[in-house]
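Protein chains in written order, with the numbering used here: chain A, 331 to 685; chain B, -6 to 330.
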């Protein structure tokens, strides 16, 4: 499956050759392309909308010149936080999916399918329907609590004598997810309609109400969790080889399992708590990253994160402009586009594996 | 195989049938008797066997409660048999029409057709649902086959979840674009027997009864197939054809039940597993027992759904999921690695 031709690499050396980083050129190029694409999307996303702005206007406003109070308000208070939230949440979901797929060695694992999102959804819907007076400020906390609680439940259910079994983790997750969504729909069906609608908007993964508080929440967590994940990239490289091989190579498989699943859950929980369940980013981004370039785990993680950011940003942009003035939540767009794309990816890789 | 063992076993299996039939009849009568206005069982029996149009209660029973009870029986037995067949043919204890995306496919097709084509004729609804279920089944099995690792229970369940989520998304987008009817559909999409049109039953019944009869006829071959493809071939079963026929049966049974009551999860998981505890792994017993027990189970759940938060009622599908999901979790825990 790996290409036969050796990929070209650049080697960075530091501290008198004691540290060296060997990076494939193609992967670096892809990182560059993705960064440019991300910036372009940010620019477009800041300009497009019901109140259109030209690129120059956007750039000037970002430099700090006040063209008009209206433009300032639109860019700084509405579109920029929304854009940042979309990019950050996308990156987090993508990374969460990457580590979940790595630890389960199953390319169909996605945090939005295995209970984490459903736990968050249940907590938020309970809040919206049962305690409407509490206001939306509580939502992220409830969602975070809900997804962490559910993840802990799934983890404890999937512990066997051999440690946390990753296959069990996924199947348990699906079972718990079904339970959670049945309770959620019970609440939705019998709550008042307007409250149900408000919960429904959140449930479909909407970034519309993003604020700077959300941005700072996401960035803080990202700043903590991404390095944690990068530190584990060596463990991930070993885990890629399979549990038996990893054990044979002397890796503490049980601890790696536990740490990677926890990181993955934390990433998904934070992202979900802010924007609602964003489906399929965690499924597609790692796949696409693998197909784009063969790289070491660390670089692959960077590509995955960037891809996730680009995808959610594009989805949010499409969702709010295509059917304007109607806004399609980004979560729906990602799922709608994502699944056919994913099926295509699978069929292609399946065919190339067979021949 | 010595005679005494098999004959006692056969006796035990046969003796369960009258018990189940009795339970079914009891639940049937109770289901009709319990409601917004509780009626005495005597009156229920009277209304069924000696209807008197001048008595108000008899009209309630015959026009409103009897159809609902009949639908519960139809849906319960169809889903239980569909689940049993899927588990047998795929040799996957976690197979179930809901988990593997067939229900999502059927309800997606029904929602889309009834939203876009306006008044779709009731006669085509089971067929539309069948097309949807078939599409979803092909998609789920396709994804699982091409996924690295092949169609294991894990990849099948995951691709089922993915396809269900995708179809759910499409339905949500449809709702956002066309908000009318949301109030109607959000109840239907949780699976309920309340306020269903009895006319659908007339159109679904031939398919449903036909599929159930064919399933009974195939049960013997399914038993062979459940022991493995090689064994089945050795016993003279045309495995490829059998798999296709079973797929068609499962699709039809699922489609009819979705057309009748919306998606109702986990019945196809709970009932066959419960039945296996009593009758073992012979599908000649599993299929008829599943049909009977599934019918009784859904009647019971529907009674519960109507009395638990009186005067409102809960969606039946929500309760089947609340009972079924823990069983699913239990089954996964049981599977030793």
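For glycine and all other residues, C-beta sits at the position ideal for the given N, C-alpha and C. This structure is a prediction, so every number in the text was calculated from the model and none was measured.
- Close to residue 326(B), with beta-carbon spacing below 9 Å, are these residues of chain A in chain order: 487, 488, 490, 498 and 502.
- Between the beta-carbon of residue 632(A) and that of residue 361(A) there is about 6 Å, and that keeps the pair under the 8 Å contact cut.
- Within the region 409 to 437 of chain A, the residues whose Cβ lies closer than 8 Å to any Cβ of chain B are, in chain order, 436 and 437.
- A check of alpha carbon separations from residue 363(A) across 647(A), 619(A) and 468(A) identifies 619(A) as the nearest.
- Around residue 249(B), no beta-carbon contact reaches into chain A at under 7 Å, the shortest distance being about 22 Å.
- Excluding sequence positions up to five before and after residue 630(A), its CB lies within less than 6 Å of the CB of 619, all in the same chain and listed in chain order.
- Under the Cβ distance rule, residue 101(B) does not count among the residues neighbouring chain A, no pair being separated by less than 7 Å.
- Selection 27(B), 134(B), 198(B) and 185(B) evaluated against residue 303(B) yields 27(B) as nearest (Cα-Cα).
- In this model, residue 267(B) and residue 417(A) are separated by some 48 Å (Cα to Cα).
- The region 304 to 313 of chain B makes contact with the region 507 to 517 of chain A: 3 or more CB pairs, one atom from each, lie closer than 8 Å.
- The region 155 to 170 of chain B makes contact with the region 97 to 107 of chain B; the number of CB pairs closer than 8 Å reaches 3 or more.
- If you check each beta-carbon in the region 249 to 271 of chain B against every beta-carbon of chain A, the ones closer than 7 Å belong to 258.
- Distance check between residue 437(A) and each of 92(B), 80(B), 137(B) and 207(B) places 137(B) closest, using alpha-carbon atoms only.
- Distances from the CA of residue 120(B) to each of 250(B), 77(B) and 261(B) were compared; the closest alpha carbon is that of 250(B).
- The alpha carbon of residue 591(A) has as its nearest neighbour, out of 580(A), 569(A) and 610(A), the alpha carbon of 569(A).
- Here residue 515(A) carries a helix assignment [DSSP, helix/strand/coil].
- In the DSSP assignment, residue 468(A) falls outside any alpha helix (DSSP H), carrying neither H nor E.
- Residue 393(A) and residue 529(A) have their C-alpha atoms spaced approximately 37 Å apart.
- Pairing residue 78(B) with residue 156(B), the inter-Cα distance amounts to about 21 Å.
- Residue 547(A) and residue 558(A) have their C-alpha atoms some 17 Å from each other.
- Under the 7 Å criterion on CB atoms, residue 662(A) is classed as interfacial with respect to chain B.
- Taking a contact as a CB-CB distance under 8 Å, the pair residue 244(B) and residue 127(B) counts as one, their CB atoms being some 5 Å apart.
- With a contact defined as Cβ atoms closer than 8 Å, residue 607(A) and residue 447(A) qualify at about 4 Å.
- Ranked by Cα distance from residue 670(A), the options 75(B), 193(B), 143(B) and 132(B) are led by 132(B).
- For residue 397(A), there is no enclosing alpha helix (DSSP H), as DSSP gives it neither H nor E.
- Each of 432(A), 578(A), 477(A) and 511(A) was checked against the Cα of residue 566(A), and the nearest Cα belongs to 432(A).
- A distance below 7 Å separates the beta carbons of residue 60(B) and residue 191(B).
- Leaving aside the five residues that flank residue 452(A) on each side, the residues in its chain whose CB is nearer than 7 Å to its CB run, in chain order, 476, 510, 513 and 514.
- Taking the beta carbon of residue 572(A) as reference, no residue of chain B falls within 7 Å; the closest one sits roughly 11 Å away.
- Within the region 593 to 620 of chain A, those residues whose Cβ lies closer than 8 Å to any Cβ of chain B are, in chain order, 609, 610 and 613.
- Spanning the alpha carbons of residue 259(B) and residue 324(B) requires a straight line of approximately 12 Å.
- Nearest neighbour of residue 205(B) by Cα position, chosen from 231(B), 238(B) and 221(B), turns out to be 238(B).
- The straight-line gap separating the alpha-carbon atoms of residue 667(A) and residue 646(A) is approximately 12 Å.
- In this structure, residue 276(B) and residue 212(B) form a Cβ contact; the two beta carbons are roughly 4 Å apart against a cut-off of 8 Å.
- Taking a cut-off of 8 Å for Cβ pairs, the region 609 to 623 of chain A and the region 384 to 404 of chain A do not touch, as fewer than three such pairs fall below it.
- Sequence-distant Cβ neighbours of residue 52(B) in its own chain, meaning closer than 8 Å and more than five residues away, are 46.
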